[in-house]
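Quick note, our numbering runs 141 ahead of the 1-based positions in the sequence shown.
Okay, structure first, notes after.
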Amino acid sequence: MKYYLVGYMYSGKSTFGRRLAAEKGMDFMDLDRTFEELYHYTVPRFFNQFGEKAFRQLETQLLRTTADLDNVVIATGGGTPCHSGNMDFILEHGIAVYLRMGVDDIVARALRSRNPRPLLHGLPETDLRPIIEAQMKEREGVYLRAQIIIDGNNPVLP
């Protein structure tokens, strides 16, 4: 069995993923952390130096390496399922779990975070909400294709 956790940044995919993997006796993989270990760049630094397009290409390649993994929970990046047919890949190779959260909760978490995400880094607080709303609107249709949708504020698998 393989679970792919999808959802907007700050929805708690990594935190929930570690907990779910421990509860189910499965391995855990954070796609962003794996990217950083493999390429020796933090995601924000890679974004700044090479741009989003280059990041998405390598991220997609990395996602594809999970095809033959088993007994694992994989936390994807917020944009991972939204590019290059990645959601189709996820649905074909595992169970997609969408950690759904509202804009207010995402904005609150973004403001508290010590780890700024590349697409939001350096934005003034007044710009966060409209940008998050727009991105979530764009991505929601992809996330909703997941087989399981759970509340990101109280994530429990049914």
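Every residue, glycine too, gets a C-beta built ideally from N, C-alpha and C.
Assuming contact is defined by CB atoms lying nearer than 7 Å, are residue i and residue j in contact in what I supplied?
i	j	result
L240	G282	no
Y144	V214	yes
H224	R253	no
N212	M167	yes
A237	V147	yes
P296	F157	yes
T183	E200	no
Taking the alpha carbon of residue i as the point to measure from, which residue in the options has its own alpha carbon closest?
i	options	result
L204	G192, R174 and P185	R174
Y149	V297, T267 and A251	A251
D209	P296, G235 and N295	G235
L285	N295, D229 and F191	D229
S155	G219, D171 and I291	D171
T207	I290, Y151, I231 and Y180	I231
A162	N189, A216, P271 and T221	A216
Y151	V244, Q190, K194 and E177	V244
R270	D246, I290, N256 and I291	D246
Using a Cβ cut-off of 7 Å (strictly closer), state whether residue i contacts chain B.
i	result
Y182	Of the protein chains in this structure there is only one, and it is not chain B.
On the three-state DSSP scale, how would you describe residue i?
i	result
M170	strand
V297	coil
L199	helix
L204	helix
So is residue i buried or exposed if we call it buried at 16+ other beta carbons inside 10 Å?
i	result
Q202	exposed
I273	buried
G226	exposed
R280	buried
G219	buried
A287	buried
M277	buried
Practice task
Identify every run of the alpha helix (DSSP H) within the region 206-254, keeping only runs that are complete inside it and at least 4 residues long; order them along the chain.
Solution key: 227-234 and 244-253
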